[in-house]
Each structure stands twice: as C-alpha cells, then as structure tokens.
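Trainee: Sharing a structure with you now.
Take a look at the structure:
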C-alpha cells in the first residue's frame, strides 16, 4: 500500500510522539508499515487524550471520541474524517477494532488521580493498553496465537510504565501499589516471567515484525529488577547505540 497524506501524517506523529515504536516500524518490512503506523498513531492520540485538558469532562470526551471510532470500525459504520481515524478504519479489521473500547476504558485511569484499586486493576490496565495494542498489531500483519503475544505485550507495557513513573508522579498520580524497592523488583520479575511465557505458542513469520516494538522490554525489566532505584530516578533504558544494535539483531532474528 502506498503512503498517502494521512499515512505520512501518521508516521510523522509516531516519529515525534513515540520514537521507539517509530524505530521498530522502520525496522519492519515496508509492506507492514502502513498498518503499524496507523495503529501506533491511534495509540499516540488515545494515550494523549486524558492529558489534553485539566478539565476531566473534556478529557473524558476526547477518550470517548476514540471509543466511538472503535465502535464504528467494529460495526462497519462510517468514521468521521480524521488523519488517523480514516486510515485506521481502512486497515484495522472489524474483529480487532472491538479491543479499542477496552483500551479507551483503561485510559480513563490517566484522567484522574486515584491509585489502582488492586493488582488486578493494575494488570488489567497494562493488558488492555499494551497487550491489546501488540495483539492488534500482530494480527493486522498475520496469524498468531493470542496468549504469547499478550504475554509479550504485558512485559512491554510494564517496562514502558516503569519508565513513565517519574512523569506520572510529577502529574500527582500514584502509579504503583507498592513503590518500595522490593515492590518494584517483584513487579519487574512478573514482567520477566511474562517474557518467558511469551516463548510458547505459534506466531507466523508475517506477524513477527509487530513484535519488534517490544525489543527493549527484557533489558529494562532486568534493570528494574537489579537496580529498582533506577525507576524513581528515570534512569531505565539504553543508549541510542545499544537500542539500535538490539533492534537490528531482533529484526534479523524475526526474519528467520
């Protein structure tokens, strides 16, 4: 599929708003990029919606707008013209669009300053935001078993969430149920176990490029498990050189 104005704008949005996923898409085959850019541009827009206004009602309306887009795609109804929603409606199968509702519902947590109720609520947030995103990406490209993809998506989401802790705290959020060093270590270990579980199951060669988005998860989770203080310091992650080398290796491995 050729890149039209909308898809080009989606790619630019991802490049600016989610540079790591942009790198992952650019490491994927050219044929996979339109679907991934449309999906990840949607994710940027949805993740920004709760933060668009200090007024909770306005933020709720923005999240609801994307929920309505998901419903329209899932039911085959027309989607209002939008540089992200329009290509998303064209490229996202209806059976995958049903996940948008749960993603949007999870993002409502970002609007308010209440902590997660319990571990189940936290895990549901990570799974519905990140696990669903990776599952949609993989299935847009090819066949895959859902469980391993969602396990990888959970690990990816947890790694990204841990990196976001300092910013969330600046916004007066209470991101962790247990913010002690031991609590962070247990959480990181849960993510590493999810990575182990992601190894079982079938993922077609066509769907594998979608998994490149999770290429840093193991490194970040190991850092958090070994040195939990890095979470509060905002010191999780790799150098640009290390990121690029790791992504190149994963990209080559995904083609095997």
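In this note's numbering, the protein residues as written are 312 to 567. Even glycine gets a Cβ: it sits at the ideal position worked out from N, Cα and C.
Compute the beta-carbon to beta-carbon distance between residue 347 and residue 521, rounded to the nearest angstrom, for a pair I have assumed lies under 8 Å.
Mentor: One-based indexing of the chain shown puts residue 347 at position 36. One-based indexing of the chain shown puts residue 521 at position 210. Rounded, the Cβ-Cβ distance is 7 Å, consistent with contact.
Trainee: By the three-class DSSP mapping on this structure, what secondary structure does residue 514 have?
Mentor: The residue given as residue 514 occupies position 203 in the chain shown. Three-state DSSP puts residue 514 in a strand.
Trainee: Nearest CA to the CA of residue 343: which residue from 364, 457, 477, 524?
Mentor: Translated into the one-based positions of the chain shown, residue 343 becomes position 32. Answer by Cα proximity: 524.
Trainee: If you draw a straight line from the alpha carbon of residue 355 to that of residue 325, how long is it in whole angstroms?
Mentor: Counting from one through the chain shown, the residue named residue 355 turns up at place 44. Counting from one through the chain shown, the residue named residue 325 turns up at place 14. Answer to the nearest angstrom: the Cα atoms are 7 Å apart.
Trainee: Taking only the alpha-carbon atoms, compute the straight-line gap between residue 536 and residue 390 and give it to the nearest angstrom.
Mentor: The sequence position of residue 536 within the chain shown is 225, counting from 1. The sequence position of residue 390 within the chain shown is 79, counting from 1. The straight-line gap from Cα to Cα measures roughly 44 Å.
Trainee: Please report the Cβ distance between residue 377 and residue 360, rounded to the nearest whole angstrom; I am assuming they are in contact, meaning their Cβ atoms lie under 8 Å.
Mentor: The residue given as residue 377 occupies position 66 in the chain shown. The residue given as residue 360 occupies position 49 in the chain shown. Sure, about 6 Å apart at Cβ, within 8 Å.
Trainee: Look up residue 455 in the DSSP assignment and say whether it is helix, strand or coil.
Mentor: Here the question's residue 455 lines up with position 144 in the chain shown. Of the three classes helix, strand and coil, the one that applies to residue 455 here is strand, per DSSP.
Trainee: What three-state label does DSSP hand residue 526 in the structure shown?
Mentor: As a first step, residue 526 must be located in the chain shown, where it is residue number 215. DSSP places residue 526 in coil when its eight states are reduced to three.
Trainee: Taking just the CA atoms, how far does residue 473 sit from residue 539?
Mentor: The residue labelled residue 539 in the question sits at position 228 within the chain shown. The residue labelled residue 473 in the question sits at position 162 within the chain shown. Cα-Cα distance, rounded: 10 Å.
Trainee: Considering just the uninterrupted stretch of the alpha helix (DSSP H) at residue 368, what are its terminal residues?
Mentor: Residue numbering aside, residue 368 sits at position 57 when the chain shown is read from its first letter. Here the alpha helix (DSSP H) through residue 368 covers 367 to 386.
Trainee: Measuring CB to CB, does residue 462 end up less than 8 Å from residue 441?
Mentor: Stepping through the chain shown from its first residue, residue 462 is reached at position 151. Stepping through the chain shown from its first residue, residue 441 is reached at position 130. Cβ distance not < 8 Å, so residue 462 and residue 441 don't count as in contact.
Trainee: Could you tell me the alpha carbon to alpha carbon distance between residue 362 and residue 556, rounded to whole angstroms?
Mentor: Taking the chain shown and counting its residues from 1, the one referred to as residue 362 is at position 51. Taking the chain shown and counting its residues from 1, the one referred to as residue 556 is at position 245. Taking the straight line from one Cα to the other gives about 33 Å.
Trainee: Once you ignore the five residues that flank residue 352 on each side, which residues in its own chain have a CB closer than 7 Å to its CB?
Mentor: The residue you call residue 352 lines up with position 41 of the chain shown. Contacts found: 321, 324, 325, 395.
Trainee: If we ignore side chains and look at the alpha-carbon of each, how far apart do residue 412 and residue 512 end up?
Mentor: Position 101 of the chain shown, counting from 1, holds the residue named residue 412. Position 201 of the chain shown, counting from 1, holds the residue named residue 512. Answer to the nearest angstrom: the Cα atoms are 26 Å apart.
Trainee: Within a Cβ cutoff of 8 Å, which residues of the same chain sit near residue 419, ignoring the five residues on either side of it in sequence?
Mentor: Your numbering for residue 419 matches position 108 in the chain shown. Counting only Cβ-Cβ distances below 8 Å, and skipping sequence neighbours, we find 361, 371, 374.
Trainee: Please state whether DSSP places residue 497 in a helix, a strand or coil.
Mentor: Against the chain shown, residue 497 aligns to sequence position 186. Residue state, collapsed to three classes: helix.
Trainee: Let's test the definition: count the other Cβ atoms within 10 Å of the Cβ of residue 502 and tell me whether it reaches 16, buried, or not, exposed.
Mentor: Residue numbering aside, residue 502 sits at position 191 when the chain shown is read from its first letter. Its Cβ being crowded by 16 or more others within 10 Å, residue 502 is buried.
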